[in-house]
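To start, the structure itself, in structure tokens.
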Amino acid sequence: MIVRLKFVYLAAIFLFLYAPIGVLMAQSFNESRYRGHWTGFTFKWYDSLFENEQIFDALQNTVSIGIFSAGIATIIALITCVALREFGKKPRAIFMGVANIPILNADIVTGISLMLLFMGMGLKLGYGTILLAHIVFNVPYVMLCIMPQFMSLDKSFYEAALDLGASPFQAFVKVILPELRPGIFAGFLLAFTMSADDFIITHFTKGAGVDTLPTEIYAELKLGIHPEMYALSTLVFFFVVIFVILFTMARKRLADKEVF
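Here it is as structure tokens:
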């Protein structure tokens, strides 16, 4: 009886999470542009999506800004964590608290602040300011992924590498960096996700004619919900599912290699 209740509970949770996505996917194949009125199966909304140059420009901006901002934020966060490791416990806690403020701060405050900063510096709002803004708010998230793993490392391994003749850079690359790889990878993925999903900060720091997917979709929705948005959302969902499957398979293979 308890097993059945658990199964019903899990089924209800999954239904609650994925039923809306299922409805959206079904609507993307509906010949009618009106919700709740099924008139036939079609791929025309996907054809319209692929012919929409604005959507593809926004997608290109989203991917490039996400990759560049995540990569730069990961490098900055890694260097910062290396420096913080040498701090005392109290100064390190104070610095981490200050670094975590952007995470707790409201996005609209961060967006307006960065917009005023860029305008005060004489920067033209556009692709570059979006990239800088995403780097700023991504660094604390990457630090949260790397710092705990960094603090758990045994410093004697690094010192042993130095005693065996390795330079400080070689010891870091060959001893410390491999141990931090999971945290670095997780931080990069989190930063990319936060960048691709951000709307508020991007809205305040973008210029005219430069959009990411969230801001482009918002601009499209102001004129009404177009079925192309259903098709785009369906493709994004399938991309995420495929990525998760590949990532899980890669982790399993790495785990099997470590066992043997």
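Quick note on numbering: this note's numbering labels position 228 of the sequence shown as 228, and the sequence is numbered without any gaps. Just so it is clear, CB atoms sit at the ideal spot from N, CA and C, and this is done for glycine as well. Remember, it's a predicted structure, so these values are computed and weren't measured experimentally.
Endpoints, alpha helix (DSSP H) assigned at residue i
i, result
"Y218", "213-221"
"L49", "44-50"
"K174", "From DSSP, K174 is part of no alpha helix (DSSP H); its letter is neither H nor E."
Chain B contact for residue i (CB, 9 Å cutoff)
i, result
"A196", "Protein chain content of the structure displayed is limited to a single chain, and chain B is not contained in it."
Through-space distance from residue j to residue i, alpha-carbon basis
i, j, result
"S69", "F199", "15 Å"
"I242", "L49", "21 Å"
"L153", "I176", "8 Å"
"V63", "M119", "25 Å"
"I94", "M151", "16 Å"
"F87", "L132", "27 Å"
"Q54", "G209", "10 Å"
"S167", "A191", "31 Å"
"V142", "A77", "6 Å"
"I108", "E159", "45 Å"
"G165", "K6", "58 Å"
"K123", "G111", "Just to set this straight, residue 123 is Leu in the shown sequence, not Lys. Between L123 and G111, the C-alpha separation is close to 15 Å."
"S156", "D163", "10 Å"
"E220", "A11", "35 Å"
"S28", "L180", "42 Å"
Simplified DSSP assignment, three categories, for residue i
i, result
"K6", "helix"
"N105", "coil"
"N30", "strand"
"F247", "helix"
"F87", "coil"
"F260", "A caution first: F260 carries a pLDDT of 48, below 50, which makes its placement in the model unreliable, though a value can still be read off. Coil, per DSSP."
Beta-carbon gap between residue i and residue j smaller than 9 Å
i, j, result
"N331", "D197", "No answer is possible for residue 331: it lies beyond the span of the chain, which begins at 1 and ends at 260."
"T193", "T202", "no"
"N100", "P148", "no"
"A73", "I135", "yes"
"L125", "K206", "yes"
"I146", "G187", "yes"
"M229", "I245", "no"
### Query
Of all the alpha helix (DSSP H) runs that stay within the bounds of the stretch 182-209, which reach a length of 4 or more residues?
Listed in chain order, they are 200-205.
### Task
Would you list, in sequence order, the uninterrupted alpha helix (DSSP H) runs of no fewer than 4 residues that lie entirely inside the stretch 116-154?
Taking only runs of at least 4 residues, the alpha helix (DSSP H) segments lying wholly in the stretch 116-154 are 127-151.
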